[in-house]
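Quick mapping for you: the protein sequence lines, in order, are chains A and B.
Letter 24 of the first sequence, counting from 1, is numbered 71 in my numbering, and no numbers are missing.
Letter 32 of the second sequence, counting from 1, is numbered 37 in my numbering, and no numbers are missing.
Idealized CB from N, CA, C, for every residue including glycine.
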Amino acid sequence: MTRASATILVVDDDPSIRRGVAAELEAAGYETVEASDGAEGAKLAADREPDLVLTDLAMPVADGFKLIARLRKGSNIPIVVLSVRGGDADKIRALDLGADDYVVKPFSVPELLARVRAQLRRRGGEGAAAVLEFPGLTLDRERRHVAVEGREVHLTPTELSILELLATHAGKPVTIRQIIGRVWSGAPGTTPDAVRVHVGSLRRKIEPDAARPRYIVTEPWVGYRFVAEPI
Amino acid sequence: MTAFGHAVGANATTVGFIYLIVVLVAAARLGFAAAVAASLAATACFNRFFLPPVGAWTIADPANWVALAAFLLSSVLVSRLVAKERRRTEEAEARREEVEALLAERERFLEERAHHEALKESDAFKTSLLRAVSHDLRTPLTAIRLGLERLRRSAADTPDVDAVSAETERLSRRIDNLLAAARLDAGATVPRPEPAPPADLFRGALEALPLVLAGRHVTVTVAEGTPDALADPALAVEVLANLLENAARAARRDTPLELAAEPDPAGPGSVRLEVRDRGPGIPDGLVRAAAGGPSPETGRGLGLVICSSLAHAMGGTIALLHRPGGGTVARLELPAAPGGAV
Numbered sequence: 048m049t050r051a052s053a054t055i056l057v058v059d060d061d062p063s064i065r066r067g068v069a070a071e072l073e074a075a076g077y078e079t080v081e082a083s084d085g086a087e088g089a090k091l092a093a094d095r096e097p098d099l100v101l102t103d104l105a106m107p108v109a110d111g112f113k114l115i116a117r118l119r120k121g122s123n124i125p126i127v128v129l130s131v132r133g134g135d136a137d138k139i140r141a142l143d144l145g146a147d148d149y150v151v152k153p154f155s156v157p158e159l160l161a162r163v164r165a166q167l168r169r170r171g172g173e174g175a176a177a178v179l180e181f182p183g184l185t186l187d188r189e190r191r192h193v194a195v196e197g198r199e200v201h202l203t204p205t206e207l208s209i210l211e212l213l214a215t216h217a218g219k220p221v222t223i224r225q226i227i228g229r230v231w232s233g234a235p236g237t238t239p240d241a242v243r244v245h246v247g248s249l250r251r252k253i254e255p256d257a258a259r260p261r262y263i264v265t266e267p268w269v270g271y272r273f274v275a276e277p278i
Numbered sequence: 006m007t008a009f010g011h012a013v014g015a016n017a018t019t020v021g022f023i024y025l026i027v028v029l030v031a032a033a034r035l036g037f038a039a040a041v042a043a044s045l046a047a048t049a050c051f052n053r054f055f056l057p058p059v060g061a062w063t064i065a066d067p068a069n070w071v072a073l074a075a076f077l078l079s080s081v082l083v084s085r086l087v088a089k090e091r092r093r094t095e096e097a098e099a100r101r102e103e104v105e106a107l108l109a110e111r112e113r114f115l116e117e118r119a120h121h122e123a124l125k126e127s128d129a130f131k132t133s134l135l136r137a138v139s140h141d142l143r144t145p146l147t148a149i150r151l152g153l154e155r156l157r158r159s160a161a162d163t164p165d166v167d168a169v170s171a172e173t174e175r176l177s178r179r180i181d182n183l184l185a186a187a188r189l190d191a192g193a194t195v196p197r198p199e200p201a202p203p204a205d206l207f208r209g210a211l212e213a214l215p216l217v218l219a220g221r222h223v224t225v226t227v228a229e230g231t232p233d234a235l236a237d238p239a240l241a242v243e244v245l246a247n248l249l250e251n252a253a254r255a256a257r258r259d260t261p262l263e264l265a266a267e268p269d270p271a272g273p274g275s276v277r278l279e280v281r282d283r284g285p286g287i288p289d290g291l292v293r294a295a296a297g298g299p300s301p302e303t304g305r306g307l308g309l310v311i312c313s314s315l316a317h318a319m320g321g322t323i324a325l326l327h328r329p330g331g332g333t334v335a336r337l338e339l340p341a342a343p344g345g346a347v
């Protein structure tokens, strides 16, 4: 992975935040491009072909939602939203429009950099390998085999499908609706509670410490995120 | 009246009309039944005192029979008309009162609606105001944090930067607390409970305090059979983060902090989430603050007062307890999700 050469487009109407975020990214070795609204962001995304877009939501001219929708028309570039809006409605709307992740202001810089790394890595590994390896956890998608700390774990087909969906989108929040759509093929009558029950039992099987889940994290009201960084 | 008739020497026809007036007055004032009674009495008197033979109940001239019958009939008919008119007037009066009552009702309704709309508008105003306040407070905080990161990279003396960063984190959480309380208070948001595993709530609280907890030993335990909480996850995390921050500030850095979840021994309806420390114990003012009482004079318990109101908004409670062996247990009890542990 060529982390140092990745170019990141930062879109925010507040100059001190835009500059501050760009400075942190540059210090971490990325190249940056800055835009102050969604329209300028869309133009720069076309001109400079960045590897990732970090965007605010509330902006004049064209807001973040418009930018996400426009970018998603012809590209699968990773998009991470940076917004003070902590409301889950905005979060779900941004994710549904095609954003890959959502960081709420004020955020910690290490957290932001971790999210950026996760998205760039996911992009590098798009199409996902047959065997996914994370610290302490291996998922062999062809053999339908999961091992935690070297020990095989027996999962039900539903649990395995959920794990596969989350792990192939490591670092990205997956909504409950997406899980129902992919794992149950959107079968009518599948409730969020059913998803919770299966995720609960999946966690009991793969989490070494149930009190401190390290692989599957709940995104309140939204869904789940697989957090482990691959090896 | 009869005497008056004789005294003025009135003839029978005049007296008949005077009797008729009496009957009419009775009809207008007292209704049809009274008028009929008056008619009969008047007819009898008319016969006895004015129709020959005067002073007797008999009638000599057959023509006077006809006159008497005509008098009775006309007085009854007129009574009926007058009584009917009187009833109509009463009904009209009743209707007018009804209409007036309806109008008053409508006016009150319109007033109430205007009041309600004003309230709604003020709610919408509060919501957008809170949104603006949230944006205007959090944006500079984000810029400050970014500036501190830049400073950390160039500064020779990072402990100062760390101290400022930790205080920024604290300020940031206090703003979150106040905004959450203000939103609930203004009705701009209502708690939105969902089944929340205690482990996720603890994780959220730990992630909210990276600087305060840097270098601290924190253990997390979730007892077997602990149900999920049925709570607004964001509010629950906020409460736990505050309790954890209080514990971290109260207890020495080299003492462990504990986060523990267990079923409520009182029954399956609620779940206990505890933050335990080995600090000096409960400061007096904070007990009142935990109970949601008046803010302590020093303002030290502000976070706790807010936590208590957030907990109540979720149908939960907060209690501060003396910990056996020294220290404090801050206990958050929340409703448990149906279906028990997931």
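Interface partners of residue i on chain D, CB under 8 Å
i	result
A:Arg-95	Any reference to chain D falls outside this structure, whose protein chains are A and B.
Proximal residues to residue i (C-beta, below 7 Å), its chain only, five neighbours per side dropped
i	result
A:Val-192	Checking the displayed sequence, the identity of residue 192 of chain A turns out to be His instead of Val. The answer, listed in chain order, is Glu-199.
B:Ser-80	Leu-25, Val-28, Ser-44, Ala-47
B:Ala-316	Val-244, Thr-322, Ile-323, Leu-337
Per-residue contacts from residue i into chain A (C-beta, under 9 Å)
i	result
B:Gly-308	None at all; the shortest Cβ gap to chain A is about 18 Å.
B:Pro-215	Ser-155, Pro-157, Glu-158
Inter-residue Cα distance where the pair is residue i and residue j
i	j	result
A:Ser-248	B:Thr-226	18 Å
A:Val-68	A:Ala-241	40 Å
B:Ala-266	A:Gly-121	48 Å
B:Leu-318	A:Val-131	What sits at residue 318 of chain B in the sequence shown is Ala, not Leu. Using only the alpha carbons, I get a separation of about 23 Å.
B:Val-242	B:Leu-115	44 Å
A:Ser-115	B:Pro-329	First, the residue type needs correcting, since residue 115 of chain A is Ile and not Ser in the sequence shown. Rounded to whole angstroms, A:Ile-115 to B:Pro-329 spans 55 Å at the Cα level.
B:Arg-179	B:Gly-331	28 Å
B:Thr-63	B:Arg-93	39 Å
B:Arg-188	B:Thr-132	7 Å
A:Ile-124	B:Gly-321	44 Å
B:Arg-2	B:Glu-105	The requested residue 2 of chain B is not part of the displayed model; chain B covers only 6 to 347.
B:Pro-58	B:Val-71	16 Å
Residue i Cβ short of 6 Å to the ligand SAM heavy atom set
i	result
B:Ala-40	Looking for the ligand SAM in the displayed structure turns up nothing, as the structure carries no ligands at all.
Min CB distance residue i to chain B below 7 Å
i	result
A:Lys-152	yes
A:Ile-64	yes
A:Asp-61	yes
A:Pro-220	no
A:Gly-67	yes
A:Leu-56	no
A:Glu-78	no
Within chain A, partners of residue i - CB distance below 7 Å
i	result
B:Ser-159	Simply none; closest approach about 10 Å.
B:Ser-139	Val-131
B:Arg-188	Those within 7 Å of B:Arg-188 in chain A number zero; the least Cβ separation is about 10 Å.
Same chain only: Cβ atoms within 6 Å of residue i, ignoring 5 sequence neighbours per side
i	result
B:Leu-146	Ser-177
A:Ala-165	Gly-218
A:Asp-59	Arg-65, Asp-103
A:Ala-86	Val-108, Ala-109
B:Pro-268	Gly-230, Thr-231
B:Ala-335	Leu-248, Val-280, Leu-325
Assigned exposure category for residue i - 16 Cβ within 10 Å defines buried
i	result
A:Asp-94	exposed
A:Thr-265	buried
A:Pro-260	buried
B:Thr-224	exposed
A:Met-48	Here the model assigns A:Met-48 a pLDDT of 44, short of 50, so the residue's position is not dependable, and the following value carries that caveat. Answer is exposed; the Cβ neighbour count stays below 16.
B:Lys-89	exposed
A:His-245	buried
B:Val-41	buried
A:Lys-152	buried
A:Ala-214	buried
B:Leu-249	buried
Beta-carbon contacts of residue i that lie in its chain and below 8 Å, excluding the five residues immediately before and after
i	result
B:Val-166	Leu-153, Leu-156, Arg-157, Ala-160
Residue i: contacting residues in chain A (beta-carbon distance under 8 Å)
i	result
B:Ser-232	According to the sequence provided, residue 232 of chain B is Pro. The question's Ser does not apply to it. What B:Pro-232 touches in chain A: nothing, since even the nearest Cβ is about 11 Å away.
B:Arg-143	Val-131, Lys-152, Pro-153
Partner residues on chain B for residue i, Cβ-Cβ distance less than 7 Å
i	result
A:Ala-257	Ala-204, Val-227
A:Ala-53	Result: empty, since nearest Cβ-Cβ is about 19 Å, beyond 7 Å.
Closer than 7 Å to chain A by CB, residue i
i	result
B:Val-347	Residue placement at B:Val-347 cannot be trusted, given a pLDDT of 43 that sits under 50; what the coordinates show is reported in the next sentence. Yes, its Cβ sits closer than 7 Å to a Cβ of chain A.
B:Ala-316	no
B:Thr-147	yes
B:Arg-178	no
B:Arg-221	no
Chain B residues whose Cβ lies nearer than 9 Å to that of residue i
i	result
A:Ala-74	Glu-154, Arg-155, Arg-158
A:Pro-260	Pro-202, Ala-204, Asp-205, Arg-208
Chain-ordered neighbours of residue i on chain B, where CB pairs are closer than 8 Å
i	result
A:Thr-264	One point to set straight first is that residue 264 of chain A is Val, not Thr, in the sequence displayed. The answer, in chain order, is Asp-205, Arg-208.
A:Glu-71	Leu-151, Glu-154, Arg-155
A:Ala-105	His-140
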